[in-house]
Amino acid sequence: MKSNRYPSLLRHANLITLTDDSDYGIIRDGALLIDQRHRIAWLGPDKNLPAGTTAEMEIDCRRHWITPGLIDCHTHLVYAGNRGDEFAQRLEGISYAEIAARGGGINSTVKATRAASFAELLDSAVNRVRTLAAEGVTRIEIKSGYGLNLDTERRMLQVARAIAERVGIKTHSTFLGAHALPPEFSNNADGYIEHICTAMLPSLAAEGLIDAVDGFCESIGFSTAQIEQVFRTAQRLNLPVKLHAEQLSNQHGASLVARYGGLSADHLEYLDAAGVQAMAQAGTVATLLPGAFYYLRETRLPPIASLREHQVPMAIATDHNPGTSPLLSLLTAMNMGCVLFQMTPLEALLGVTRHAAKALGAEHECGTLEVGKQAELACWDIDQPVDLVYALGHNPYSPIIPAQS
Ligand code: DI6
Ligand code: FE
Numbered sequence: 001m002k003s004n005r006y007p008s009l010l011r012h013a014n015l016i017t018l019t020d021d022s023d024y025g026i027i028r029d030g031a032l033l034i035d036q037r038h039r040i041a042w043l044g045p046d047k048n049l050p051a052g053t054t055a056e057m058e059i060d061c062r063r064h065w066i067t068p069g070l071i072d073c074h075t076h077l078v079y080a081g082n083r084g085d086e087f088a089q090r091l092e093g094i095s096y097a098e099i100a101a102r103g104g105g106i107n108s109t110v111k112a113t114r115a116a117s118f119a120e121l122l123d124s125a126v127n128r129v130r131t132l133a134a135e136g137v138t139r140i141e142i143k144s145g146y147g148l149n150l151d152t153e154r155r156m157l158q159v160a161r162a163i164a165e166r167v168g169i170k171t172h173s174t175f176l177g178a179h180a181l182p183p184e185f186s187n188n189a190d191g192y193i194e195h196i197c198t199a200m201l202p203s204l205a206a207e208g209l210i211d212a213v214d215g216f217c218e219s220i221g222f223s224t225a226q227i228e229q230v231f232r233t234a235q236r237l238n239l240p241v242k243l244h245a246e247q248l249s250n251q252h253g254a255s256l257v258a259r260y261g262g263l264s265a266d267h268l269e270y271l272d273a274a275g276v277q278a279m280a281q282a283g284t285v286a287t288l289l290p291g292a293f294y295y296l297r298e299t300r301l302p303p304i305a306s307l308r309e310h311q312v313p314m315a316i317a318t319d320h321n322p323g324t325s326p327l328l329s330l331l332t333a334m335n336m337g338c339v340l341f342q343m344t345p346l347e348a349l350l351g352v353t354r355h356a357a358k359a360l361g362a363e364h365e366c367g368t369l370e371v372g373k374q375a376e377l378a379c380w381d382i383d384q385p386v387d388l389v390y391a392l393g394h395n396p397y398s399p400i401i402p403a404q405s
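Position 276 of the sequence shown, counting from 1, maps to 276 under our numbering, and the rest follow consecutively.
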């Protein structure tokens, strides 16, 4: 530790470090020092703070708890339009697949998003991000996939980049061109995949707008063979891949994404044993999305016990989107992970920190409290860690930590 003056020092906080998977890694009455590059320079028991440490801003956290900032590693939060009417239809028993077949679903959001300006998309997305940030979220993944043509996919990805500046939050942009078949290519899914691989993906990657590539591998989406073509293009462009896999049926998408060394396979209600093994071997994160499970009133559970047994890291995200998961609360997603999926409160917290960071390929930067990592932090007015997932609808976030300048 260098002995110059530091920008900020947090004192008398209970730190939840999450430096391994087996416990919270609690340091009671701890201190945490932040350097000029907004990294953690030192942390430990307050009484061990090296003598003579000074900081421009010193904050007494009054035994509040500090965790790594929460990470929402799967969202579709840039879009226009409203699909409340579809929610009402589903409550009357019409299925998500039927609604999509009638021209609703993803394509109704595509229509509204194509018609929206950059500023309209940015304003509505910023409001959503602020709602997430008010619960301690400091990093968000944002997917395209409601444009499905070059111009609108580009606009969505540019909005995702612009959000970071407007809200002062880290964002990761994911290209999800293979989300649904746009009207221009109806009955020609192979033609659309070719268009993605030869035109959209290479152009948007060259513009520096893409951090990762995703697809919707499903009977109502794209086949594994089609997704594999997209993955091959991503691999050529040096972009990591991830996949919406095994959400509504078992298409063996998890094995496919694992074969490409993917960051994550997401949803996974219909994941089988071979898929779990493939993910374990490849180090692919299982991103669980209990919001979509809840809204679709799914009854089949993702194979949590098997994922746990094979030590596949499990992340939890909101999957915020206007169709299957209009959920804007990562704390609620954590609670659902516990109540609906029988995850432990520790697993739920690891799922939105350490393992979510891995799902973004950012585990060296964030997700735990460790020297050298970014000082992306969340402070909580709670009595004990389990309180983060215990009370549904209660927000214990306590914004006393200085934001990154
Ligand atoms: N799976 C989902 O749950 C969302 N996308 C996907 O591939 C649904 C998106 C929507 O209905 O708008
Ligand atoms: Fe999704």
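Beta carbons are placed, not taken as given, at the ideal position from N, Cα and C, and that holds for glycine.
* Hey, how far is the Cα of Thr-54 from the Cα of Pro-7? -> A straight-line Cα-Cα distance of about 9 Å links Thr-54 and Pro-7.
* Asked: Which ranges does the alpha helix (DSSP H) cover as unbroken runs of at least 4 residues, wholly within the region 221 to 257, from first to last along the chain?
  -> Counting only runs of 4 or more, we get 224 to 236.
* Asked: Cβ of His-244 within 7 Å of any heavy atom in ligand 2?
  -> Checking the Cβ of His-244 against ligand 2 gives yes.
* Check: Ile-106 C-beta below 7 Å from any heavy atom of ligand 1 -> Yes; taking the cut-off as 7 Å, the Cβ of Ile-106 has a heavy atom of ligand 1 nearer than that.
* Are the beta-carbon atoms of Thr-318 and Leu-392 separated by less than 8 Å? -> Contact flag unset, no.
* To do: Tell me, to the nearest whole angstrom, how far the beta carbon of Ala-274 is from that of Val-312; I am working on the premise that it is less than 8 Å.
  => The C-beta distance from Ala-274 to Val-312 rounds to 13 Å, too long to meet the 8 Å contact threshold.
* To do: Rounded to whole angstroms, what's the CA-CA distance from Leu-327 to Leu-148? Just pull it up for me.
  => Approximately 23 Å, taken between the alpha carbons.
* To do: Starting from the Cα of Ile-196, find the closest Cα among Gly-208, Ile-169 and Ile-227 and give me that residue.
  => Closest by alpha carbon: Ile-227.
* Have a look at Gly-367 and Trp-65 and give me their C-alpha separation to the nearest angstrom. => Rounded to whole angstroms, Gly-367 to Trp-65 spans 16 Å at the Cα level.
* Return the chain-ordered list of same chain residues with a C-beta closer than 7 Å to the C-beta of Glu-58, the five sequence neighbours on each side being excluded. => Non-local C-beta neighbours of Glu-58 in its own chain, meaning closer than 7 Å and more than five positions away in sequence, comprise Leu-9 and Arg-11, ordered along the chain.
* Asked: According to the Cβ coordinates, are Thr-233 and Leu-263 closer than 8 Å?
  -> In this structure, Leu-263 does not lie closer than 8 Å to Thr-233 by Cβ.
* Test item: CB-CB of Ile-34 and Arg-139 under 8 Å -> If you check the CB distance, Ile-34 and Arg-139 do not come in under 8 Å.
* In terms of residue numbering, what span does the beta strand (DSSP E) encompassing Leu-289 cover? -> Premise fails: Leu-289 is in no beta strand (DSSP E) and is neither H nor E.
* Beta carbon of Arg-325 nearer than 8 Å to that of Gly-291 -> Reading the sequence as shown, one finds Ser at residue 325 and not Arg. Yes, these two residues count as a Cβ contact at 8 Å.
* Reduced DSSP category for Ala-430 - H, G, I as helix; E, B as strand; rest coil -> The structure shown does not extend to residue 430, since the chain spans only 1 to 405, so no value can be given for it.
* Under 6 Å Cβ to Cβ from Val-213, same chain only, skipping five residues before and after it: list those, please. => Excluding sequence neighbours, Val-213 sits near Phe-175, Ala-234, Leu-239 and Val-241.
* **Same chain only: Cβ atoms within 6 Å of Gly-191, ignoring 5 sequence neighbours per side** => Sequence-distant Cβ neighbours of Gly-191 in its own chain, meaning closer than 6 Å and more than five residues away, are Phe-185.
* Give a single yes or no on whether Asp-211 has its beta carbon closer than 7 Å to a heavy atom of ligand 2. => In this structure, Asp-211 has its CB at a distance of at least 7 Å from all heavy atoms of ligand 2.
* To do: Please classify Gly-275: does DSSP put it in a helix, a strand, or coil?
  => Collapsing the DSSP output to three states places Gly-275 in a helix.
* Proximity test, Gln-247 beta-carbon vs ligand 3 heavy atom, cut-off 7 Å -> This structure does not include ligand 3; its bound ligands are ligand 1 and ligand 2.
* Asked: What is the residue span of the beta strand (DSSP E) that Cys-379 lies within?
  -> Element bounds for Cys-379: 377 to 380.
* Asked: How would you call Asn-321, buried or exposed, if buried means at least 16 neighbouring beta carbons within 10 angstroms?
  -> The residue in question, Asn-321, is buried, as its Cβ has 16 or more Cβ neighbours within 10 Å.
* To do: Could you name each continuous beta strand (DSSP E) segment of 3 residues or more that falls completely within the region 285 to 338, going from the start of the chain to the end?
  => Listed in chain order, the beta strand (DSSP E) runs fully inside the region 285 to 338 are 285 to 288 and 314 to 316, counting runs of at least 3 residues.
* To do: Return the bridge partner residues of Lys-143 from the DSSP annotation.
  => Lys-143 pairs with Thr-174.
* Report yes if the C-beta distance between Arg-308 and Glu-269 is below 8 Å; otherwise report no. => No; because the gap between Cβ atoms is not below 8 Å, this pair is not in contact.
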